[in-house]
Amino acid sequence: MNNNFLNLSDLSKKDIEIIIERSLSLKGSTKKSDMLAGKYIALIFEKSSTRTRVSFEVAMNQLGGKASFLAITDLQLGRGEPLEDTAKVLGSMADGVVLRTQKHDTQETFASFSASSTINGLSDQSHPCQVLTDLFTYYEENGSIEGKKVCWSGDFNNVCFSYAEAAKIFNFQLHVACPKEFQPKIKGLPNVIFTESLDEAIDDSSLVTTDVWVSMGDEKEKDYREQLFKDYQICPSLMDKANDKAIFLHCLPAIRGQEISEDLLEDKRSKVWTQAENRLHAQKGLLVELLN
Ligand code: CP
Ligand code: NVA
Numbered sequence: 611m612n613n614n615f616l617n618l619s620d621l622s623k624k625d626i627e628i629i630i631e632r633s634l635s636l637k638g639s640t641k642k643s644d645m646l647a648g649k650y651i652a653l654i655f656e657k658s659s660t661r662t663r664v665s666f667e668v669a670m671n672q673l674g675g676k677a678s679f680l681a682i683t684d685l686q687l688g689r690g691e692p693l694e695d696t697a698k699v700l701g702s703m704a705d706g707v708v709l710r711t712q713k714h715d716t717q718e719t720f721a722s723f724s725a726s727s728t729i730n731g732l733s734d735q736s737h738p739c740q741v742l743t744d745l746f747t748y749y750e751e752n753g754s755i756e757g758k759k760v761c762w763s764g765d766f767n768n769v770c771f772s773y774a775e776a777a778k779i780f781n782f783q784l785h786v787a788c789p790k791e792f793q794p795k796i797k798g799l800p801n802v803i804f805t806e807s808l809d810e811a812i813d814d815s816s817l818v819t820t821d822v823w824v825s826m827g828d829e830k831e832k833d834y835r836e837q838l839f840k841d842y843q844i845c846p847s848l849m850d851k852a853n854d855k856a857i858f859l860h861c862l863p864a865i866r867g868q869e870i871s872e873d874l875l876e877d878k879r880s881k882v883w884t885q886a887e888n889r890l891h892a893q894k895g896l897l898v899e900l901l902n
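The sequence shown begins at 611 in my numbering and counts up one residue at a time.
Structure, rendered in structure tokens:
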């Protein structure tokens with residue numbers, strides 16, 4: 611298995627299946643184990659986080675290891691020490707470093723100078739840990755995602771990019787419903803179909819998912835985005851167009867009244883709270899496989 615997890619495509623289908631099985635077995639067993647006794651990870655985040663930060667911290671604690679959240683203002687990095695030097699030093703002490711960065715390049719640079727594992731806890735390009743959890747959640751609810759139709763409503767953002775990678779790895783069809791202004795210039799992504807029609811994307815889907823219209827870092831386009839995406843809200847009556855077994859997922863945080871209706875998270879097809887809890891179990895599965 612690759613030492614780093616910067617994108618979902620760093621792992622093979624087999625690797626992901628192993629992590630999902632590991633996550634499932636850890637979810638079903640006692641909380642505490644010593645599988646990562648003596649291991650240490652550091653977390654360095656340039657952006658806000660609730661789920662990613664806490665799931666990694668709790669995961670290490672439950673597996674007998676230790677995690678520290680290192681505020682950038684407390685690190686010499688915050689005073690101008692080069693990223694490369696920070697990566698060399700932390701990589702020689704920690705077993706892994708989880709990074710949440712503005713730019714994906716920062717992750718690549720850090721990983722190339724660090725001797726230990728670098729894990730992407732979100733960048734402007736991708737959010738592999740989130741989609742790993744989503745694949746785990748889908749598997750737990752409905753089995754294999756292979757050959758299924760998946761509907762994404764919203765822009766081709768970091769989470770959607772990782773879904774596109776998942777579509778290639780697991781051979782499912784990802785239908786991205788998005789105004790043409792936000793469809794990416796790159797064409798020919800395997801198994802990804804862009805459409806302006808949310809009805810078309812959701813029709814007979816097995817998994818429906820979305821994300822905030824304004825990701826962290828996109829705040830300057832807030833008004834423009836809210837205007838363009840106003841017809842891309844998922845609500846229970848729209849979920850009726852998906853297939854009978856369809857589930858709804860959302861990485862969270864969500865804005866009720868924008869990308870989802872007020873009532874969607876509590877709809878019986880919504881597995882969002884399970885998905886959020888699964889961040890912990892999937893992180894445990896990932897850490898055990900990556901750090902051992
Ligand atoms: N979904 C997700 O990554 O949540 P946080 O931003 O709270 O970590
Ligand atoms: N696309 C969102 C995901 C948050 C977990 C963002 O980048 O802000």
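Glycine included, every Cβ here is placed at the ideal spot set by N, Cα and C.
Counting the other CB atoms within 10 Å of its CB gives Glu869 a total of 16 or more, which places it among the buried residues. In the structure shown, the three-state DSSP call for Phe655 is strand. Taken from the Cβ of Lys657, at least one heavy atom of ligand 2 lies inside 8 Å.
Placement of the Cβ of Gly827 at a distance of less than 8 Å from at least one heavy atom of ligand 2 is found.
A straight line joining the alpha-carbon of Gln686 with that of Trp762 spans about 40 Å. If you draw a straight line from the Cα of Lys832 to the Cα of Lys840, it is about 12 Å long. Taking Cys861 as reference, the option from Asp854, Val664, His737 with the minimal CA-CA separation is His737.
Linking Glu750 to Gly648 through their CA atoms gives a straight-line distance of about 31 Å. In the structure shown, the three-state DSSP call for Leu817 is strand. A Cβ-Cβ separation of about 5 Å places Arg889 in contact with Arg661 under the 8 Å criterion. Pro692 has its alpha-carbon roughly 42 Å from the corresponding atom of Ile755. About 6 Å separates the beta carbon of Leu848 from that of Ile812, a gap short enough to meet the 8 Å contact definition. The way I'd put it, the region 875 to 884 does touch the region 853 to 867; three or more beta-carbon pairs between them come closer than 8 Å. Taken through DSSP and simplified to helix, strand or coil, Tyr842 comes out as coil. Residue range 768 to 780 is occupied by the alpha helix (DSSP H) that includes Cys770, with no beta strand (DSSP E) assigned at that position. The region 725 to 744 and the region 613 to 629 touch, with three or more beta-carbon pairs separated by less than 8 Å. Taking the Cα positions, Lys778 is about 13 Å away from Ile626. Glu876 and Gly688 have their C-alpha atoms roughly 41 Å apart.
For the 9 Å CB-CB criterion, Ile682 and Phe723 do not form a contact.
Taking Arg866 as reference, the option from Phe792, Asp821, Arg835, Asn902 with the minimal CA-CA separation is Asp821. From the listed residues Asp695, Gly706, Leu673, Ala721, the smallest Cα separation to Phe679 is found for Gly706. At least one heavy atom of ligand 2 lies closer than 8 Å to the C-beta of Asn768. For Val699, the closest C-alpha among the options Ala721, His714, Ile629 is that of Ala721.
Here DSSP, grouped into helix, strand and coil, assigns Arg866 to strand.
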